[in-house]
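Asker:
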Amino acid sequence: MKKSYIFILSLFSFLFANSQNQNFIIDNSYPFEINEESLGNATIGGDTIFVSSTRTKPIKFKSLTGDEGSPIVIINKGGQVKIEDSDSYNWGAITFENCKYIKISGAGHSNYKYGFELVADQCGLAFTELSSDCEAEFIKVNHDGFFGIYAKKDYSGDPPTPHPVFENLVIHDCFIENVSEGMYLGETKTPGMEFKHVKIYNNIVKNTLRECIQIANMVEDVEIYNNTLINAGLDNLYAHTNVLQIGDNSVVNAYNNILVNAPSNGIIVFGKGDCIFTNNYISSTSGVFIDDRTVSDTLSPITFNQNYFKATIGNQVIKNYNENNFITAKDNIYDTDITFFLNESGNTENISVTNNALESIQEIEFTDPDNNDYSLTSANPIEYENIGAPGGPEYIESTPSQIIITSDMVTDLVSGGSVNSPLLLFDEQDTSIENDEHPTSASWKPAYTMNSSSYHVVVDLGAEYYISEIDLHDMHDVHNFTVEYVQDENWTTLFVDPCDSYITWSKNEADITTRYLRFSMYDNVYAAVNEIFIYGYLKETTADSQIVINSEMVVDMVDGGSVNSPILLFDEQDIDIDSGEKPTSDPWKPYYTNANAPYYAIIDLGKEYSISEIDLHDMNDVHDFTVEYGEPLNWTTLFVDSLDLYNTWSKHSVNITTRYLRLAMLDSPYAAVNEIIIYGSPIFNAYELDEIVGEEHLIITSSMVTDLVEGGSVNSPLFLFDEQDLYTESTEHPTSKSWKPDYTMKNTAYHVVLDLGKTYDITKINLHDMHNIYDFTVEYRDGTNWKTLFVDPCDSYNTWSINEVDVTTKYLRFSMYDNVYAAVNEIFIYGEPSVSTSAKPSITSNIEEFNSTESTLNIKSLRLYPNPVAEKLNIEFPLEMMGNNRLFIKNLRGRIIHAENLLVSENTSTKQLTNYQLPKTNGVYTISIMHESGIQKNLKFIKK
Numbered sequence: 001m002k003k004s005y006i007f008i009l010s011l012f013s014f015l016f017a018n019s020q021n022q023n024f025i026i027d028n029s030y031p032f033e034i035n036e037e038s039l040g041n042a043t044i045g046g047d048t049i050f051v052s053s054t055r056t057k058p059i060k061f062k063s064l065t066g067d068e069g070s071p072i073v074i075i076n077k078g079g080q081v082k083i084e085d086s087d088s089y090n091w092g093a094i095t096f097e098n099c100k101y102i103k104i105s106g107a108g109h110s111n112y113k114y115g116f117e118l119v120a121d122q123c124g125l126a127f128t129e130l131s132s133d134c135e136a137e138f139i140k141v142n143h144d145g146f147f148g149i150y151a152k153k154d155y156s157g158d159p160p161t162p163h164p165v166f167e168n169l170v171i172h173d174c175f176i177e178n179v180s181e182g183m184y185l186g187e188t189k190t191p192g193m194e195f196k197h198v199k200i201y202n203n204i205v206k207n208t209l210r211e212c213i214q215i216a217n218m219v220e221d222v223e224i225y226n227n228t229l230i231n232a233g234l235d236n237l238y239a240h241t242n243v244l245q246i247g248d249n250s251v252v253n254a255y256n257n258i259l260v261n262a263p264s265n266g267i268i269v270f271g272k273g274d275c276i277f278t279n280n281y282i283s284s285t286s287g288v289f290i291d292d293r294t295v296s297d298t299l300s301p302i303t304f305n306q307n308y309f310k311a312t313i314g315n316q317v318i319k320n321y322n323e324n325n326f327i328t329a330k331d332n333i334y335d336t337d338i339t340f341f342l343n344e345s346g347n348t349e350n351i352s353v354t355n356n357a358l359e360s361i362q363e364i365e366f367t368d369p370d371n372n373d374y375s376l377t378s379a380n381p382i383e384y385e386n387i388g389a390p391g392g393p394e395y396i397e398s399t400p401s402q403i404i405i406t407s408d409m410v411t412d413l414v415s416g417g418s419v420n421s422p423l424l425l426f427d428e429q430d431t432s433i434e435n436d437e438h439p440t441s442a443s444w445k446p447a448y449t450m451n452s453s454s455y456h457v458v459v460d461l462g463a464e465y466y467i468s469e470i471d472l473h474d475m476h477d478v479h480n481f482t483v484e485y486v487q488d489e490n491w492t493t494l495f496v497d498p499c500d501s502y503i504t505w506s507k508n509e510a511d512i513t514t515r516y517l518r519f520s521m522y523d524n525v526y527a528a529v530n531e532i533f534i535y536g537y538l539k540e541t542t543a544d545s546q547i548v549i550n551s552e553m554v555v556d557m558v559d560g561g562s563v564n565s566p567i568l569l570f571d572e573q574d575i576d577i578d579s580g581e582k583p584t585s586d587p588w589k590p591y592y593t594n595a596n597a598p599y600y601a602i603i604d605l606g607k608e609y610s611i612s613e614i615d616l617h618d619m620n621d622v623h624d625f626t627v628e629y630g631e632p633l634n635w636t637t638l639f640v641d642s643l644d645l646y647n648t649w650s651k652h653s654v655n656i657t658t659r660y661l662r663l664a665m666l667d668s669p670y671a672a673v674n675e676i677i678i679y680g681s682p683i684f685n686a687y688e689l690d691e692i693v694g695e696e697h698l699i700i701t702s703s704m705v706t707d708l709v710e711g712g713s714v715n716s717p718l719f720l721f722d723e724q725d726l727y728t729e730s731t732e733h734p735t736s737k738s739w740k741p742d743y744t745m746k747n748t749a750y751h752v753v754l755d756l757g758k759t760y761d762i763t764k765i766n767l768h769d770m771h772n773i774y775d776f777t778v779e780y781r782d783g784t785n786w787k788t789l790f791v792d793p794c795d796s797y798n799t800w801s802i803n804e805v806d807v808t809t810k811y812l813r814f815s816m817y818d819n820v821y822a823a824v825n826e827i828f829i830y831g832e833p834s835v836s837t838s839a840k841p842s843i844t845s846n847i848e849e850f851n852s853t854e855s856t857l858n859i860k861s862l863r864l865y866p867n868p869v870a871e872k873l874n875i876e877f878p879l880e881m882m883g884n885n886r887l888f889i890k891n892l893r894g895r896i897i898h899a900e901n902l903l904v905s906e907n908t909s910t911k912q913l914t915n916y917q918l919p920k921t922n923g924v925y926t927i928s929i930m931h932e933s934g935i936q937k938n939l940k941f942i943k944k
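Using full-length UniProt numbering, you'd call the opening residue of the sequence shown number 1 and step up by one each time.
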């Protein structure tokens, strides 16, 4: 067998050597030791070694070397790889010996968070001998062996000179449990192999017999952050009962970690100095123990700032025996009424203990620890937001099953609403296809005829799903029914079903990943489908990508331009934060002093994005740097970074949707940030709507009405328009008085003029006839003349008189020529803005004088967000709309769902509607806003 795979791979290498990267697949047929000989070819940077999910035997990778910036990648394939077989070589499940520029990743299958699960006699994952530049991610170790993850070469305190160096060790997003030592990194005797540029983050380590993480001889640039470490020292073995141990000859920057439960200390520090501990949550331990060992850099401090010490066991929170390094404990919070800092070193000159507070501390709350989900719940205080490992479920269901579609997932995009609701497509989701059951409800019917070029229904699954099958129940008729999905931010046809069967399930296989599905009729409204079944499974959420910012997206708002352009904040966007790279360009410097503060720069992302993380590189100086989101005249503070670190990436997890970000220095221009990296994903609007077209109910306000009756009417003509929120298609009737110009016909005619504010194509005018039989005349302005549109005899009682018209005008006139008792008490006018916007002649008349200057109000910037809306809809008014406004929410059949008056000012330019005011059912709705000037604006929105 070995000869066969060597021959095949040799042939492969003969054809492609030195021309391109190679892929290898390791299954159980491969030997324990994987090297260039067993692979059959020399490896180069960029090669990929796939480990098949069928592999169960341990593996030692030996003497494999990639390239700096292009490692050899080892990754799982076909599912989760479980190394668990007993074997004579089973010291370690996966070992890298004398390997360099290597990355092992368990991210090879979306259904498993940890693509490798390792079991061995002694060690799960090891980097041994003179290995260097190695990264491990998404690995799980769960066994009763000694080590979880191991990285070192032992020299028993006598290494060669110069000392061997392991550089760029990166371990992240791994899970370790039930071992003796969770991570054993570096030989505990000094001197030894030295480690430089180390990052340990986003890991979960629990239930260890000894320490969760132990490091030693880590001499330069070491970060341990966002780890969750729980239940250490379970063996209760002397000197091995701490959660995190910083050993001899080590530096560290440890921040945002969660450390819970140990017989002794949460953190024990024997480091040489430059040991900084910030924003860690330490609970149910003896706190912190500090001492020195063989190597101490007396110029380098040991600092504990802004940590949380909860339920500390013993007589003090921090005990110190280190007499060499300067020790600082500042701004920490503890909730146990004991001595905070106990100094046993004999040196009182190297200590600063200030501003530590005895306060209540809320216990941290995990989502589902019984199932290894250590993400934080929303019940935690905001101070805990950025601490601990990300967590999340270990396994994602991968067997396709029915995705039950509920009414809140369905949005009808048919203007005016479908004749038969699209909810009928999903109202019998418990039908058993296997038992030959058939739905009996009506089919979705968008309209009576194809009055539109297409009709659509959108289903929002709520998250990305893999879709394997979509089954349609075809009732009858032979017409196309189209199913679409979102691909690359566009609607893409998945399939078109001709619906050429009768009471039959039409099964359609699929192989797509999407959040949104759209069901459409393009040629006929009688594609009679009355139930849809969708099969698939939830896809694991992937990390957001970097949004690369270029110079065209950056606007310098500093008067006269910044001294150092804000473009410098985005001139090294290809930097690799995970590998420890730091930017080298100058920071943004708006001015030399704070004389002209505040200083701003705006980032225009080009479209709306969901932003998940913003990372600032803090060079030096301690000054506030503010990040805001929103848009001009409506900015919201996202966070303020005090920039109290040095040459360090400051990471901020966020959860916003925006197109614009604003960067601000509100006081000092020396908030020295020299690069910003933004992560997120573009927002796809699955409910994108066309501009409002077609007949709309024009809401008439008092400012549009002019009474031309000399001395004023007996009953004001405003009664004609005071109940505009009625639903005329139902049995609703107005109850106010009718317009009554006088008691008798003293004049030959009485008139009311209506100025619509702009020219409309009028299609319908409905009059509510109370009683009496007298003529009511409706006229329109044509040039400089009034022309009769129609005369209604008002010969009904308490009835809506519907009058279809076809006229284009800005002005209407309502008149009584023969009797003052043509009792009309409400008028509804329907139409749409005219395509022609040419100015009409001004109105002048010796008899009828009134002012009707057309408003120049610009309300194009009136904005609704978010759209679609689930619970809260914001309406943002421009400055030109300050004053009184009347708001109506209507369905697309014209029924008014909600109405209210709004007073808009500079301080209240954004109004929010909640579920109390919003429609209760999903669909397309119109907001009509009428400004006191008479100008009306109609905007569509989706309720979902």
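Cβ atoms here follow ideal geometry from the backbone N, Cα and C, with glycine treated the same way. Please read these numbers as outputs of a predicted model, since none were measured by experiment.
Residue ranges of each beta strand (DSSP E) run of no fewer than 3 residues wholly in the segment 743 to 795, ordered along the chain?
Answerer: Those beta strand (DSSP E) runs which fall completely within the segment 743 to 795 and span 3+ residues are 750 to 771, 776 to 782, 785 to 792.
Asker: In terms of residue numbering, what span does the alpha helix (DSSP H) encompassing LEU39 cover?
Answerer: It spans 36 to 39 - the alpha helix (DSSP H) in which LEU39 sits, taken as one unbroken run.
Asker: So PHE467 and ILE405 are supposed to be a Cβ contact under 8 Å. How far apart are they, rounded?
Answerer: The sequence given here places Ile at residue 467; Phe does not occur at that position. The pair is not a contact, with the Cβ atoms about 12 Å apart (cut-off 8 Å).
Asker: From the DSSP output, in three-state form, read off PRO717 for me.
Answerer: PRO717: helix per DSSP, three-state reduction.
Asker: Apart from the five residues just before and just after ASN324, which ones in its own chain have a Cβ nearer than 6 Å to its Cβ?
Answerer: Closer than 6 Å at the Cβ level, and outside the excluded window around ASN324, lie ASP292, SER296, THR298.
Asker: Under 6 Å Cβ to Cβ from TYR455, same chain only, skipping five residues before and after it: list those, please.
Answerer: Excluding positions up to five away in sequence, the list reads VAL414, PRO446, MET521.
Asker: Just list the alpha helix (DSSP H) runs in the segment 93 to 153, keeping only unbroken ones of 4 residues or longer that don't cross its boundaries, in chain order.
Answerer: Correct list: empty.
Asker: So which of TYR591, ASN227, PRO682, LEU494 has the shortest CA-CA distance to ILE611?
Answerer: Answer by Cα proximity: PRO682.
Asker: Looking only at C-alpha atoms, which of GLU187, ILE176, VAL198 sits nearest to GLU167?
Answerer: Among GLU187, ILE176, VAL198, the Cα nearest to that of GLU167 belongs to VAL198.
Asker: Spatial neighbours of ALA329 within its chain, please: C-beta separation below 7 Å, excluding the five flanking residues on both sides.
Answerer: Cβ within range, chain order: PHE304, ILE318, PHE341, VAL353, ASN356.
Asker: Is TYR334 helix, strand or coil by DSSP?
Answerer: Note: TYR334 maps to strand in three-state DSSP.
Asker: Are the CB atoms of ARG518 and LEU461 within a distance shorter than 7 Å?
Answerer: No, Cβ-Cβ distance for LEU461 and ARG518 is not below 7 Å.
Asker: Quick one: using the 10 Å Cβ neighbour count with 16 as the cut-off for buried, is GLN912 buried or exposed?
Answerer: It counts as exposed.
Asker: Name the two residues that bound the continuous beta strand (DSSP E) containing CYS275.
Answerer: Taken as a continuous stretch (DSSP letters only), the beta strand (DSSP E) holding CYS275 covers 275 to 278.
Asker: Looking at the strands, I want to know which residues DSSP matches up with SER815.
Answerer: SER815 is bridged to HIS751, THR777.
Asker: DSSP state of SER610, grouped into three classes?
Answerer: Strand, per DSSP.
Asker: Report all residues from its chain with a CB closer than 6 Å to the CB of ILE313; omit the five preceding and five following residues, and keep chain order.
Answerer: SER286.
Asker: Going by the beta-carbon positions, is the gap between VAL457 and PRO422 smaller than 7 Å?
Answerer: In this structure, PRO422 lies closer than 7 Å to VAL457 by Cβ.
Asker: Classify PHE570 as helix, strand or coil using the three-state DSSP reduction.
Answerer: Correct three-state label for PHE570: helix.
Asker: Suppose contacts are defined by Cβ-Cβ distances below 7 Å. Is HIS768 in contact with TRP800 by that definition?
Answerer: Contact flag set, yes.
Asker: I'd like to check one pair, GLU211 with VAL170: are the Cβ atoms closer than 7 Å?
Answerer: Their beta carbons are not under 7 Å apart, which means VAL170 does not touch GLU211 by this criterion.
Asker: Of all Cβ atoms in chain C, is any one closer than 7 Å to the Cβ of GLU469?
Answerer: Checking the listed chains, one finds no chain C in this structure; it contains a single protein chain.
Asker: Once the 5 residues before and after ASP427 are set aside, which same chain residues still bring their CB inside 7 Å of it?
Answerer: SER441.
Asker: Is DSSP giving PHE270 helix, strand or coil here?
Answerer: The answer is coil: DSSP assigns PHE270 none of H, G, I, E or B.
Asker: Would you mind sorting ALA93 into buried or exposed? The rule is 16 or more other CB atoms within 10 Å of its CB.
Answerer: When all chains shown are included, ALA93 counts as buried.
Asker: Count the other CB atoms, across all protein chains shown, that sit within 10 Å of the CB of ASN227; report buried if there are 16 or more and exposed otherwise.
Answerer: The residue is buried, with at least 16 neighbouring Cβ atoms inside 10 Å.
Asker: From GLU691 to LYS940, what distance separates their C-alpha atoms?
Answerer: Confidence in GLU691 is poor, its pLDDT being 42 and thus under 50, which makes the residue's placement unreliable; the coordinate value appears in the next sentence. Near 8 Å, if we compare the C-alpha coordinates of LYS940 and GLU691.
Asker: Would you mind listing the beta strand (DSSP E) stretches within the segment 871 to 942 that are 3+ residues and don't spill past its ends, in chain order?
Answerer: You should have 873 to 876, 883 to 891, 896 to 904, 910 to 913, 923 to 931.
Asker: On the DSSP bridge list, what partners appear for ASP471?
Answerer: DSSP output for ASP471 lists LYS507, PHE533 as bridge partner(s).
Asker: Taking one C-beta from the segment 548 to 567 and one from the segment 642 to 650 each time, how about it: are there three or more such pairs within less than 8 Å?
Answerer: The segment 548 to 567 vs the segment 642 to 650: no contact.
Asker: Just list the residues that DSSP pairs TRP491 with in beta bridges.
Answerer: TRP491 is bridged to VAL486.
Asker: Among all the DSSP beta bridges, which residues are the ones paired with LEU698?
Answerer: DSSP output for LEU698 lists ILE829 as bridge partner(s).
Asker: Pick helix, strand or coil for LEU424, following the three-state DSSP scheme.
Answerer: Helix, per DSSP.
Asker: Could you tell me whether the segment 470 to 478 touches the segment 493 to 513, using the rule of 3 or more Cβ pairs below 8 Å?
Answerer: In short, these stretches touch, since the Cβ pair count reaches three.
Asker: Go through its chain and collect everything with a Cβ distance to THR399's Cβ below 8 Å, but skip five positions before and after it.
Answerer: Cβ within range, chain order: TYR537.
Asker: Between which residues of its own chain and GLN724 is the CB-CB distance below 7 Å, once the five residues before and five after are set aside?
Answerer: Correct list, in chain order: ILE699, ILE700.
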